[in-house]
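So the sequences go chain by chain: A and B.
The opening residue of the first sequence carries number 117 in our numbering; numbering runs sequentially from there.
The opening residue of the second sequence carries number 117 in our numbering; numbering runs sequentially from there.
Beta carbons are placed, not taken as given, at the ideal position from N, Cα and C, and that holds for glycine.
There are 2 protein chains.
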Amino acid sequence: MARKTGSHSDITGPKIRAAALRLFARSGFAAVSMRQIAAEVGVQAGALYLYTPDKQSLLFDLMQSHLQDLLAAWRAQPIGADPHARLKAFARFHILYHLDRPDAVFVAYMELRSLTADNFARIEILRRAYEDQLEDILRQGQAAGVFQVPDSKLATLAVIAMLTGVNTWYRREGRLSPERVADLYADMVLRAVGVP
Amino acid sequence: MARKTGSHSDITGPKIRAAALRLFARSGFAAVSMRQIAAEVGVQAGALYLYTPDKQSLLFDLMQSHLQDLLAAWRAQPIGADPHARLKAFARFHILYHLDRPDAVFVAYMELRSLTADNFARIEILRRAYEDQLEDILRQGQAAGVFQVPDSKLATLAVIAMLTGVNTWYRREGRLSPERVADLYADMVLRAVGVP
DNA sequence: GTCTATATGCTGATAGAC
DNA sequence: GTCTATCAGCATATAGAC
Numbered sequence: 117m118a119r120k121t122g123s124h125s126d127i128t129g130p131k132i133r134a135a136a137l138r139l140f141a142r143s144g145f146a147a148v149s150m151r152q153i154a155a156e157v158g159v160q161a162g163a164l165y166l167y168t169p170d171k172q173s174l175l176f177d178l179m180q181s182h183l184q185d186l187l188a189a190w191r192a193q194p195i196g197a198d199p200h201a202r203l204k205a206f207a208r209f210h211i212l213y214h215l216d217r218p219d220a221v222f223v224a225y226m227e228l229r230s231l232t233a234d235n236f237a238r239i240e241i242l243r244r245a246y247e248d249q250l251e252d253i254l255r256q257g258q259a260a261g262v263f264q265v266p267d268s269k270l271a272t273l274a275v276i277a278m279l280t281g282v283n284t285w286y287r288r289e290g291r292l293s294p295e296r297v298a299d300l301y302a303d304m305v306l307r308a309v310g311v312p
Numbered sequence: 117m118a119r120k121t122g123s124h125s126d127i128t129g130p131k132i133r134a135a136a137l138r139l140f141a142r143s144g145f146a147a148v149s150m151r152q153i154a155a156e157v158g159v160q161a162g163a164l165y166l167y168t169p170d171k172q173s174l175l176f177d178l179m180q181s182h183l184q185d186l187l188a189a190w191r192a193q194p195i196g197a198d199p200h201a202r203l204k205a206f207a208r209f210h211i212l213y214h215l216d217r218p219d220a221v222f223v224a225y226m227e228l229r230s231l232t233a234d235n236f237a238r239i240e241i242l243r244r245a246y247e248d249q250l251e252d253i254l255r256q257g258q259a260a261g262v263f264q265v266p267d268s269k270l271a272t273l274a275v276i277a278m279l280t281g282v283n284t285w286y287r288r289e290g291r292l293s294p295e296r297v298a299d300l301y302a303d304m305v306l307r308a309v310g311v312p
């Protein structure tokens with residue numbers, strides 16, 4: 117594609133999104149000004165409005181992209197039919213994927229209240245679609261007699277909360293590798309649903 | 117104690133704290149103005165500064181009080197020496213106590229980044245003291261051969277994340293009572309640490 | 001595509017009247 | 001103890017020059 121002289125739109129756009137994500141994660145959506153985002157990118161505040169209609173849309177786009185990418189990545193995972201293997205794969209996938217994107221995860225979980233009602237509803241649909249992936253596994257295992265899950269919805273929420281919690285304390289410099297953490301959590305998850 | 121005519125300080129103070137907690141939980145610390153808090157209470161913005169030196173102190177006091185109350189309430193629980201019973205009691209206590217104070221819990225977990233460095237450090241000490249209560253139980257059970265917890269710190273964080281997660285989805289109008297949720301979660305926690 | 005300049009309004013906090 | 005009035009600054013978003 118031809119590009120006009122002096123045009124930076126193909127690089128400035130992503131830079132704005134990256135800067136906004138980092139700042140929203142660190143300080144919170146309401147506490148970050150458009151001027152701060154612009155300063156991080158190296159442009160003036162007015163220039164941001166070439167790439168987003170307003171601040172709210174910027175937040176929504178970041179959250180929507182994160183959840184869409186998450187769903188696509190999980191659906192691209194090679195998984196078999198065995199409930200035990202599927203649950204273990206989900207637990208490991210969830211932790212490793214989330215540990216790789218701490219800022220996006222943080223914003224997607226903490227800034228739900230900063231969304232307008234319409235945008236919140238759209239994000240909720242994506243979040244539920246992801247939860248349903250896990251609930252299907254738990255139901256399948258329960259039906260097969262492999263898991264003991266008296267309430268599959270409750271167990272789904274419990275497992276996801278436990279797995280996502282890793283992001284609140286994990287530090288790259290710590291004593292455990294992501295792989296090790298993922299394995300230890302996968303074991304706890306399996307036991308929690310009744311696998312000895 | 118004698119009280120001056122026209123003085124409302126003994127009622128306005130708590131009202132300010134209650135309004136601030138509710139608004140901070142709903143919209144986030146940075147998104148709530150002192151004028152909004154004052155309007156909720158029914159006074160003018162300037163009057164708030166008779167009860168708090170600034171907005172930051174108001175947030176810190178709310179978080180500190182919540183964690184101090186939480187620790188005191190747990191320490192007042194009657195618990196025996198059996199690791200199995202102690203862990204079950206902790207899980208049930210954590211869920212029931214937290215479900216009763218959704219706003220305080222929400223603020224204490226979501227607004228950590230809104231604290232100054234000094235205040236953050238003081239809150240972290242309280243939070244760790246509470247986590248240590250659970251870790252002691254897990255270590256005791258591991259030593260007694262009742263639990264299978266290869267990494268007690270990791271298991272502590274996993275269990276707390278799972279239990280606290282209830283607050284993100286529980287609704288009073290829902291199909292499950294707090295007692296029922298607490299029991300179901302206690303079972304999952306016990307299984308997660310290796311109790312059959 | 002980015003800049004500067006600007007509009008309109010809200011922010012936390014303080015001073016002084018009552 | 002509460003009010004009104006106010007300060008100085010920063011917010012989002014837009015208009016028009018280059």
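Going by C-alpha distance, which of the options is nearest residue i?
i, options, result
"residue 239/B", "185/B, 197/B and 167/B", "185/B"
"residue 57/A", "175/A, 285/A and 168/A", "Nothing about residue 57/A can be read from this structure; chain A reaches only from 117 to 312."
"residue 188/A", "128/A, 277/A and 246/A", "246/A"
"residue 194/B", "208/B, 183/B, 236/B and 263/B", "208/B"
"residue 216/B", "140/B, 151/B, 288/B and 266/B", "288/B"
"residue 302/B", "219/B, 252/B, 210/B and 160/B", "210/B"
"residue 299/B", "311/A, 271/A and 144/A", "271/A"
"residue 181/A", "243/A, 259/A and 293/A", "243/A"
"residue 198/A", "286/A, 263/A, 283/A and 269/A", "263/A"
"residue 222/A", "249/A, 254/A, 141/A and 312/A", "141/A"
"residue 153/A", "135/A, 254/A, 236/A and 145/A", "135/A"
"residue 157/B", "286/B, 138/B and 274/B", "138/B"
"residue 274/B", "249/A, 304/A, 293/A and 144/A", "304/A"
"residue 296/B", "266/A, 133/A and 236/A", "266/A"
"residue 170/B", "276/B, 145/B and 241/B", "145/B"
"residue 220/A", "284/A, 179/A, 196/A and 190/A", "179/A"
"residue 162/A", "132/A, 177/A, 143/A and 191/A", "132/A"
"residue 214/A", "201/A, 130/A, 192/A and 183/A", "183/A"
"residue 191/A", "218/A, 248/A, 229/A and 177/A", "248/A"
"residue 229/A", "143/B, 200/B, 225/B and 230/B", "143/B"
Output, in chain order, the set of chain A residues within a Cβ distance shorter than 7 Å of residue i.
i, result
"residue 267/B", "300"
List, in chain order, every chain A residue whose beta-carbon is nearer than 9 Å to that of residue i.
i, result
"residue 183/B", "In chain order: nothing, as chain A lies at least about 16 Å away."
"residue 150/B", "Those do not exist, as residue 150/B stays about 14 Å from chain A at its closest Cβ, beyond 9 Å."
With a 10 Å radius around its C-beta and 16 neighbouring C-beta atoms as the bar for buried, classify residue i as buried or exposed.
i, result
"residue 261/A", "exposed"
"residue 227/B", "buried"
"residue 118/A", "Residue placement at residue 118/A is flagged as unreliable, the pLDDT there being 36, under the threshold of 50; the coordinate-derived value follows with that caveat. Exposed, by the Cβ-count rule."
"residue 280/B", "buried"
"residue 307/B", "buried"
"residue 168/A", "buried"
"residue 166/A", "exposed"
"residue 310/A", "buried"
"residue 233/B", "exposed"
"residue 251/B", "buried"
"residue 258/B", "buried"
"residue 290/B", "exposed"
"residue 237/B", "exposed"
"residue 277/A", "buried"
"residue 67/A", "An answer regarding residue 67/A cannot be provided, because it is not within the stretch 117 to 312 covered by chain A."
"residue 268/A", "buried"
"residue 352/A", "Only positions 117 to 312 of chain A appear in the structure, and residue 352/A is not among them; the question remains open."
"residue 293/B", "exposed"
Which residues of chain B have a Cβ atom closer than 9 Å to the Cβ of residue i, listed in chain order?
i, result
"residue 143/A", "146, 229 and 230"
At a CB-CB cut-off below 8 Å, which residues of chain A make contact with residue i?
i, result
"residue 365/B", "Residue 365/B cannot be examined here, being either before or after the span of chain B that is shown, 117 to 312."
At a CB-CB cut-off below 8 Å, which residues of chain B make contact with residue i?
i, result
"residue 238/A", "By Cβ distance, chain B contributes nothing, its closest Cβ being about 19 Å from residue 238/A, past 8 Å."
Under 7 Å Cβ-Cβ, which residues of chain B neighbour residue i?
i, result
"residue 307/A", "307, 308 and 310"
"residue 179/A", "Result: empty, since nearest Cβ-Cβ is about 15 Å, beyond 7 Å."
Note down, in chain order, all residues in the stretch 208 to 226 of chain A with a beta-carbon under 8 Å from any beta-carbon belonging to chain B.
226
For the stretch 270 to 287 of chain B, list every residue whose C-beta sits within 9 Å of some C-beta in chain A, in sequence order.
270, 271, 273, 274, 275, 276, 277, 278, 279, 280, 281, 282, 284 and 285
Which residue spans inside the stretch 180 to 241 of chain B form an unbroken alpha helix (DSSP H) run of at least 4?
199 to 215 and 218 to 226
Uninterrupted beta strand (DSSP E) stretches inside the stretch 146 to 180 of chain B (no shorter than 3 residues)
none
What ranges does the alpha helix (DSSP H) occupy inside the stretch 257 to 287 of chain B, keeping only unbroken runs of at least 4 residues that lie completely in it?
268 to 280 and 282 to 285
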